[in-house]
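Per the working numbering, the very first residue in the sequence shown carries number 10; after that it's consecutive. Structure first, then comments.
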Amino acid sequence: MKKIKILACTTITALLIMSLMTLVASATTLLAITLSASSAQLPIILPTGTTVNGSISTTGTVRFWVSAPNGAQIVNLGLIDKTTTFSFVANQNGNYTTNFENGLTNSIQVTFSYITNPDISSDNNSTGIPLVYQVISIVIAALGSILIIFFVRRKNKIRASEVYDASSSFESPTQKLLKSRSIQICFS
């Protein structure tokens with residue numbers, strides 16, 4: 010019985026930890042862009058106070074900058090030829106634009122990823138866990154915990170009643186002999 014309780018507690022704890030893990034999962038937006046003597050822009054809608062941490066990896070030389078909603082450059086990394094990181098804080102609500110520019114004739118592969126704090130993944134098509142899935146996982150964890158508790162208690166009640174019935178129906182050989190004699194006495 011102790012093993013069942015330990016197993017139930019472990020299972021409940023695991024379910025609750027899994028549901029909490031989905032809440033703290035960070036969302037990383039990852040994009041792969043091919044630039045051939047052109048430029049590309051990626052708009053990101055940010056609320057005030059959001060921190061953006063990103064990284065860029067290229068197969069050639071690319072110019073990169075970020076523009077605020079008012080058009081001002083807030084990040085200018087200049088020319089990037091391998092890998093670099095950047096960070097900025099949104100000073101106002103609006104559409105921030107990341108700009109990539111290839112001035113050469115050969116095609117360049119650019120891998121761009123960023124994380125926002127707080128997470129705004131649902132607004133910008135990221136690979137993060139949508140809020141709906143987080144709620145579903147919490148509900149499943151709660152229902153699973155309730156079901157485990159219910160089955161453990163039910164099993165304990167059944168075992169307790171079986172023990173009670175077994176002890177009340179147990180008769181010693183002397184009791185059986187007395188019962189058989191009392192039945193014989195009644196019929197004689």
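Cβ coordinates follow ideal geometry from the N, Cα and C atoms, glycine included.
What does a CB cutoff of less than 7 Å around N115 pick up in its chain, not counting 5 residues either side in sequence?
G69
How far does the beta strand (DSSP E) with G58 in it reach, from first residue to last?
Counting along the chain, G58 falls outside any beta strand (DSSP E), and DSSP gives it neither H nor E.
G69 (DSSP reduced to helix, strand or coil):
coil
Could you check the C-alpha separation between S135 and E110 for me, to the nearest Å?
Note that S135 has pLDDT 48, beneath the 50 cutoff, so the model's placement of it is unreliable and the number below is only indicative. The alpha-carbon atoms of S135 and E110 are separated by roughly 23 Å.
Local Cβ density within 10 Å of I65, reported as buried at 16 or more and exposed below that:
buried
Using the Cα positions of S122 and L39, report the straight-line distance between them to the nearest angstrom.
4 Å
Within its chain, find whatever has a CB closer than 6 Å to the CB of T107; leave out the 5 residues flanking it on each side and keep chain order.
L51, V75
Are the beta-carbon atoms of L44 and Y105 separated by less than 7 Å?
no
So what does DSSP say about T20, is it helix, strand or coil?
helix
In whole angstroms, what is the alpha-carbon distance linking A151 and K11?
23 Å
Going by DSSP in three states, I15 sits in which element: helix, strand or coil?
helix
Residues near G63 in its chain [Cβ-Cβ closer than 6 Å; skip 5 each side]
F95, Y123
Local Cβ density within 10 Å of I129, reported as buried at 16 or more and exposed below that
buried
8 Å CB neighbourhood of Q82 in its chain, flanking five on each side removed:
W74, V75, S76
Please classify I117 as buried or exposed, where buried requires at least 16 other C-beta atoms within 10 Å of its C-beta.
buried
Helix, strand or coil, according to DSSP, for S48 in the structure here?
strand
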